[in-house]
Every structure is written in C-alpha cells, then in structure tokens.
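J.: Structure incoming, see below.
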Amino acid sequence: MSARNRCQTLFKAGKVSDTLSGVAASLLLAAAASAAEIVVYGFEGSPEGWEIPDWAKSSEDYVGEELAVSDAHQGEGAYALEVRLDFPGDRWAGAYVERELEVTDWTTFGQLSADLYLPAEAPEGLQAKIILTVGDQWQWTEMNRAVPLSPGQWTTLSVNLKPGSLDWKFFPDEAFRKSVRKLGIRVESNNGPTYHGSVFIDNVRLAE
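Sequential numbering of the sequence shown, starting at 7, is according to the working numbering.
Encoded structure:
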C-alpha cells in the first residue's frame, strides 16, 4: 500500500493502529503530502466517523437532523455524505457536522478543502464554513467568512492552514496546524431562507 493510501486509511479509521507509532504516522503524512493532494474523506460506503454532535442536536439554533451516505449526488467516487437539515427562515440557524481526529499533526499540509452540493430545489441564501478545533484547549476556530452555496452546483470550501493565513478569524501560527483535534463543516442561514432538505459533502482533502 502506498504512503498516500496508508495516510487515507489512518484518517478514515479514526485512530493510529497499535503497530503504527506516532513517528511513523508523521512520516506517512510527510510522504503523502509529497503527492500534492490527498482525499482524506470520500465517504465511499460509510460516514467515516462524521457525526452531528450531541450539543448541536440539543440546540435550538442548530437544525441538522441526520446524516447518511448517499449516491444521489457525488463530487468524486460513488458516494457523498448527505446531511438533512431544516432551516426555519426567521432567525440565524446552522447545521453542523464534525469528525474527531486522531492524526492531529497537519504541519506537512498547507491547504484544506471540501466540496458541498446544494440541490437545485434549494433556495439562495445558504452559506458554509470550515471549522477546526485546535490545540490542547480545544479552541473552536472558524473561517473568517462564510462561502455562499449555489443551488444545483458544487461549491468548494478551501482554507489556507499556514502561519499568517487570512482565512481565519485570527492569524494562526505554526502551532495552529500542529494539533488539529476536530474537523467540522457548518451550513448556515441568517434570517432566511426557509429550507427543509439536504446538503451533500464530499472530497474532503489536504494539499501541500
């Protein structure tokens, strides 16, 4: 198995195996980064550990209902992650999904991207952000701006992970990508529109 494929396996398994040391994992990440880009979550047959956290399920402001793998729309491969959501249209609301990570050192990578598809019957006005939870204090870190989603199209969310990046609400240093605890994506609406339907996530990838 190539370093690239082994790296993908590490992320999707959600843990480093007993036979693979942290040093070996770092070496695999470095080798995979030399391949320029790797898809770490493609949702080929399973949600690969992604979930709606309990706090979001119990919050009135968060309107994600459920998630599952679907072949209705896909960015790469045969499947994508379908998230069902129910926006009320009269207040701010968000639908958040996340993946807790075990391979947390991303210093060999400089960019994180994900593709989102909003069905053609959905209204204009929905936006999305990548959110990372980082460091020993598990700091919630959002993109500096939300990206509009266009009905009937795939939209790519992409953020720079390098020190000094302008993509975040603060200027990250080198420690920012040294300890990435969770990877999350939030679809949001600010006082509109009303929408009861789905959004699809696929092709979550890291690049140099």
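C-beta: ideal position from N, C-alpha, C; glycine also.
With a floor of 4 residues, list each alpha helix (DSSP H) that falls wholly inside the region 82-142, ordered by position along the chain.
T.: The region 82-142 contains no whole alpha helix (DSSP H) run of 4 or more residues.
J.: For Ser164 versus Gln117, is the C-beta spacing smaller than 8 Å?
T.: Yes. Within cutoff.
J.: State the Cα-Cα distance for the pair Thr114 and Ser64, rounded to the nearest angstrom.
T.: Distance between the alpha carbons of Thr114 and Ser64 is about 36 Å.
J.: Evaluate the contact criterion for the region 93-108 versus the region 187-202: three or more CB pairs, one atom per stretch, below 8 Å.
T.: The answer is yes - the region 187-202 touches the region 93-108, with three or more Cβ pairs under 8 Å.
J.: Measuring only the C-alpha atoms, how far is Ile137 from Ala152?
T.: One C-alpha to the other measures close to 11 Å.
J.: Classify Pro178 as buried or exposed, calling it buried when 16 or more other Cβ atoms lie within 10 Å of its own Cβ.
T.: Buried: at least 16 other Cβ atoms inside 10 Å.
J.: Indicate the three-state DSSP secondary structure (helix, strand or coil) for Trp61 in the structure shown.
T.: Three-state result, Trp61: helix.
J.: Lys188 by DSSP, collapsed to three states: which one?
T.: Three-state DSSP puts Lys188 in a strand.
J.: Applying the 10 Å Cβ sphere with the 16-neighbour rule, what's the burial state of Thr147?
T.: Buried.
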